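In terms of my numbering, the first sequence is numbered consecutively and its last residue is 735.
The beta carbon of each residue, even a glycine, is placed where N, CA and C say it ideally should be.
Given the structure is predicted, the values throughout are model-derived calculations rather than measurements.
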Amino acid sequence: MNFNIRKLTSTHFSVFHPFGVCNSSNVARTSCFSYFSTLSSDFCLESPQFVGDRIPGEQQKCVNLGSDVDVNIVLARISHGTSEDEVLQSLLSDPACDSIQISDNFVNRVLYRFKDDWKSALGAFRWAQSRPNYKPPPELYDKLVDILGKMKKMEKMRLLLDEMHEDHLISLNTIAKVMRRFAGAREWKEAVRIFDELGKFGLEKNTESMNLLLDTLCKENRVQQAREIFYELKLHIPPNANTFNIFVHGWCKVNRVEEAYWTIQEMKGSGCCPCVISYSTIIKSYCQQFNFQKVYELLNEMQGEGCVPNVVTFTTIMCFLTKSGAFEESLKIAETMKSVGCKPDTLFYNALIHTLGMAHRLQEATRVLKVEMPRNGVQPNTSTYNTIIAMFCHHLQEERAEEFLRDLESSPFCKPDVQTYFPLLKLSFKVGKADGFLKKMLNDIVNKHHLSLDLSSYALLIHGLCRANKCEWAYLIFEDMVRQEITPRYKTCSVLLQEIKQKNMYEAANKIELFMKKMKAA
DNA sequence: ATAGGGTTAG
214 MNFNIRKLTS
224 THFSVFHPFG
234 VCNSSNVART
244 SCFSYFSTLS
254 SDFCLESPQF
264 VGDRIPGEQQ
274 KCVNLGSDVD
284 VNIVLARISH
294 GTSEDEVLQS
304 LLSDPACDSI
314 QISDNFVNRV
324 LYRFKDDWKS
334 ALGAFRWAQS
344 RPNYKPPPEL
354 YDKLVDILGK
364 MKKMEKMRLL
374 LDEMHEDHLI
384 SLNTIAKVMR
394 RFAGAREWKE
404 AVRIFDELGK
414 FGLEKNTESM
424 NLLLDTLCKE
434 NRVQQAREIF
444 YELKLHIPPN
454 ANTFNIFVHG
464 WCKVNRVEEA
474 YWTIQEMKGS
484 GCCPCVISYS
494 TIIKSYCQQF
504 NFQKVYELLN
514 EMQGEGCVPN
524 VVTFTTIMCF
534 LTKSGAFEES
544 LKIAETMKSV
554 GCKPDTLFYN
564 ALIHTLGMAH
574 RLQEATRVLK
584 VEMPRNGVQP
594 NTSTYNTIIA
604 MFCHHLQEER
614 AEEFLRDLES
624 SPFCKPDVQT
634 YFPLLKLSFK
644 VGKADGFLKK
654 MLNDIVNKHH
664 LSLDLSSYAL
674 LIHGLCRANK
684 CEWAYLIFED
694 MVRQEITPRY
704 KTCSVLLQEI
714 KQKNMYEAAN
724 KIELFMKKMK
734 AA
């Protein structure tokens with residue numbers, strides 16, 4: 214098939230655009246080493262042991278220590294902010310790097326560590342490529358493409374794509390990443406151009422690749438553009454149910470439920486059958502509007518068409534009923550679901566536990582986790598524990614909260630995350646246990662679980678410690694926060710500054726004031 | 001990446 218979406222790609226589009234803001238979210242921290250040296254003298258227990266970043270989907274796997282050591286050698290040779298070429302040169306010139314046995318897993322880990330640092334990622338990748346007898350597999354190229362796209366390095370991404378093309382390494386997976394990154398950079402027309410170029414890469418313009426393009430655009434709220442493209446493409450490519458579901462979701466995403474509903478009619482007209490996903494998507498939209506009247510109407514309509522709601526449908530409805538305060542009605546949905554023989558899963562139980570907590574039925578919530586879930590063979594996840602821990606904290610039952618924290622910490626299936634601790638930290642201030650208990654918890658967070666605190670936990674700590682008249686400690690936390698490159702809120706700074714001044718800690722006060730000046734200037 | 005957590009706002 215050879216046709217182009219001429220209307221949309223006939224002009225040349227600038228790669229530059231005004232929204233090219235660098236993604237500088239505070240998600241990734243290279244390490245939390247600095248934490249150990251600063252919190253307080255009796256807080257440093259042991260030297261930090263590196264366990265490597267957690268890689269999503271690989272958390273259960275045993276960590277290969279040898280590989281971590283090698284990754285650290287590479288990390289140590291790379292200083293932040295240098296160019297990709299400097300990174301390459303420093304790795305090439307280092308004898309310690311020569312002895313590293315390169316494997317796909319190794320490169321994968323390096324790329325994961327540098328997922329927010331394209332210069333280091335690209336430099337390290339070039340170095341790996343330069344090693345004798347090593348060729349990165351296409352999937353690792355894809356990861357690098359994704360990193361470049363995420364950091365909005367569109368030209369670099371294009372060049373890498375050309376390089377991959379020469380070696381015949383481009384798959385639909387590569388294209389998917391490139392299109393999503395272009396669209397994410399508000400360069401949706403470039404995404405369309407990539408689709409037009411599919412033939413050049415030896416790939417086909419078919420239903421699958423068309424759906425990819427349409428979904429990319431819809432996820433970026435360009436549903437109208439997606440429609441226009443679809444009207445042209447459907448003359449050549451047959452749509453399937455996915456195609457229409459993508460539009461259902463796209464319309465819902467921009468809050469145009471009427472159009473989403475209309476899409477379902479269009480779907481029927483095209484010989485595609487609306488499925489539980491089509492309806493569940495629209496149901497969620499009505500839920501968000503708290504229009505439960507419409508939700509029930511749609512459930513009836515589904516029934517009329519023999520389309521059976523599933524656990525996702527029910528869980529969605531429950532979540533929003535609970536959010537609206539209709540706890541009993543939400544619990545009724547849970548009953549309905551069980552009575553129609555729909556099997557509960559983890560996310561359903563999470564919603565159920567949360568609802569029971571909101572309804573002050575703590576005993577029943579506990580029973581769900583302790584009895585019902587094991588009986589039905591449903592594993593809890595981190596959120597399950599987080600929900601129940603937050604629930605007990607909210608009801609000032611710290612012993613019970615800690616009991617579930619211990620369960621979570623010893624669970625072979627899931628590990629605590631930062632969110633786990635937030636309600637516990639908050640509670641420790643509320644009940645005036647802002648000392649030994651808090652210290653132990655912070656120690657566990659950092660030393661035992663190798664987690665980095667996030668902006669809200671840092672803020673909570675600083676505010677809480679100031680209020681508890683422990684502003685020396687609060688200042689140490691503040692310093693650590695800055696070292697972690699997490700920018701405190703202005704309010705946090707001013708609260709801390711006021712306390713510090715009252716304690717006549719002049720040097721600290723100067724540092725905070727300087728920091729605040731820089732904040733205002735930025 | 002065709003659908004489904006919650007939640008702190010200190």
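Cutoff 8 Å; reference residue 670; Cβ partners in own chain excluding five residues on either side: Locating residue 670 in the first sequence gives position 457, counting from the first residue. 631, 634, 635, 638.
Closest Cα partner of residue 351 within the set 374, 343, 345, 521: Here residue 351 refers to the residue found at position 138 when the first sequence is read from its first residue. Measuring from the Cα of residue 351, the nearest candidate turns out to be 374.
As assigned by DSSP and simplified to three states, the class of residue 530: Locating residue 530 in the first sequence gives position 317, counting from the first residue. Residue state, collapsed to three classes: helix.
Nearest residue (CA-CA) to residue 363, options 330, 312, 664, 598: For this step, residue 363 is matched to residue 150 along the first sequence. When each option's Cα is compared against that of residue 363, the closest is 330.
Cβ shell of residue 277 (< 8 Å), same chain only, five flanking positions each side left out: Taking the first sequence and counting its residues from 1, one reaches residue 277 at position 64. Because the pLDDT of residue 277 is 39, which lies under 50, any placement of that residue in the model is unreliable, and the number read from its coordinates should be weighed accordingly. Within the same chain, Cβ atoms closer than 8 Å to the Cβ of residue 277 are found at 318, the five residues on either side in sequence being excluded.
The segment 498-516 touching the segment 530-546, judged by at least three CB pairs closer than 8 Å: With the cut-off at 8 Å, the segment 498-516 and the segment 530-546 touch.
Spatial neighbours of residue 664 in its chain, beta-carbon cut-off 6 Å, leaving aside the 5 residues before and after: For this step, residue 664 is matched to residue 451 along the first sequence. For residue 664, same chain residues with a beta-carbon under 6 Å away, outside a window of 5 residues either side, are 631, 658 in chain order.
Same chain, Cβ closer than 6 Å to residue 550, neighbours up to 5 away in sequence not counted: Numbered from its first residue, the first sequence carries residue 550 at position 337. Same-chain partners within the cutoff: 527.
Spatial distance of residue 321 from residue 367 (CA atoms): Along the first sequence, read from residue 1 onward, the residue named residue 321 stands at position 108. Along the first sequence, read from residue 1 onward, the residue named residue 367 stands at position 154. Residue 321 and residue 367: Cα-Cα distance of roughly 22 Å.
Residue 602 beta carbon less than 7 Å from that of residue 617: As a working mapping, residue 617 is identified with position 404 in the first sequence. As a working mapping, residue 602 is identified with position 389 in the first sequence. Contact: yes.
Supposed contact pair residue 425 and residue 389 - C-beta distance, whole angstroms, cut 8 Å: If you number the first sequence from 1, residue 389 lands on position 176. If you number the first sequence from 1, residue 425 lands on position 212. With a Cβ gap of about 5 Å, residue 389 and residue 425 count as contacting.
Length of the line joining the Cα atoms of residue 428 and residue 677: Your numbering for residue 428 matches position 215 in the first sequence. Your numbering for residue 677 matches position 464 in the first sequence. Cα to Cα, residue 428 sits roughly 45 Å from residue 677.
Cβ neighbour criterion (16 or more within 10 Å) applied to residue 509: Counted from its first residue, the first sequence places residue 509 at position 296. Per the 10 Å Cβ criterion, exposed.
Neighbour-count burial assignment, residue 593, 16 or more Cβ in a 10 Å radius: In the first sequence, counting from the first residue as 1, residue 593 sits at position 380. Residue 593 comes out buried.
The alpha helix (DSSP H) enclosing residue 540, as first and last residue numbers: As a working note, residue 540 is residue 327 in the first sequence. Residues 540-552.
Span separating the alpha-carbon of residue 607 from that of residue 570: As a working mapping, residue 607 is identified with position 394 in the first sequence. As a working mapping, residue 570 is identified with position 357 in the first sequence. Distance between the alpha carbons of residue 607 and residue 570: 9 Å.
In chain order, each alpha helix (DSSP H) run of at least 4 residues that lies wholly inside the segment 653-718: Those alpha helix (DSSP H) runs which fall completely within the segment 653-718 and span 4+ residues are 668-680, 684-696, 703-715.
Residue 452 versus residue 467: straight-line alpha-carbon distance, rounded: Looking up residue 452 in the first sequence gives position 239. Looking up residue 467 in the first sequence gives position 254. For the pair residue 452 and residue 467, the Cα-to-Cα distance works out to about 22 Å.
Minimum C-alpha distance to residue 713 - residue among 704, 698, 693, 687: In the first sequence, counting from the first residue as 1, residue 713 sits at position 500. Per the C-alpha coordinates, the member of 704, 698, 693, 687 positioned closest to residue 713 is 687.
Segments of 4+ residues assigned as alpha helix (DSSP H) that fall wholly inside the segment 573-651: Segments of the alpha helix (DSSP H) lying fully in the segment 573-651: 575-580, 595-607, 611-623, 631-643.
Assumed close pair residue 706, residue 690 - CB separation to whole angstroms, cut-off 8 Å: Locating residue 706 in the first sequence gives position 493, counting from the first residue. Locating residue 690 in the first sequence gives position 477, counting from the first residue. With 8 Å as the limit, residue 706 and residue 690 do not qualify as a contact, their Cβ atoms being about 12 Å apart.
Where residue 295 falls: helix, strand or coil (DSSP): For this step, residue 295 is matched to residue 82 along the first sequence. In the three-state reduction of the DSSP assignment, residue 295 falls in the coil class, being assigned neither a helical nor a strand state.
Selected residue, minimal CA-CA separation from residue 326, among 291, 305, 304, 345: Within the first sequence, residue 326 is the residue found at index 113, counting from 1. Of the residues 291, 305, 304, 345, the one whose Cα lies closest to the Cα of residue 326 is 291.
Test item: CB-CB of residue 647 and residue 614 under 7 Å: In the first sequence, residue 647 corresponds to position 434, counting from 1. In the first sequence, residue 614 corresponds to position 401, counting from 1. No, Cβ-Cβ distance for residue 647 and residue 614 is not below 7 Å.
Supposed close pair residue 358, residue 323 - CB separation, criterion 8 Å: As a working mapping, residue 358 is identified with position 145 in the first sequence. As a working mapping, residue 323 is identified with position 110 in the first sequence. That belief does not hold up - the Cβ atoms of residue 358 and residue 323 are roughly 15 Å apart, past 8 Å.
Beta-carbon gap between residue 376 and residue 335 smaller than 7 Å: Here residue 376 corresponds to residue number 163 of the first sequence, with the count starting at 1. Here residue 335 corresponds to residue number 122 of the first sequence, with the count starting at 1. Judged by beta-carbon spacing, residue 335 lies beyond the 7 Å limit of residue 376, meaning their Cβ atoms are not closer than that value.
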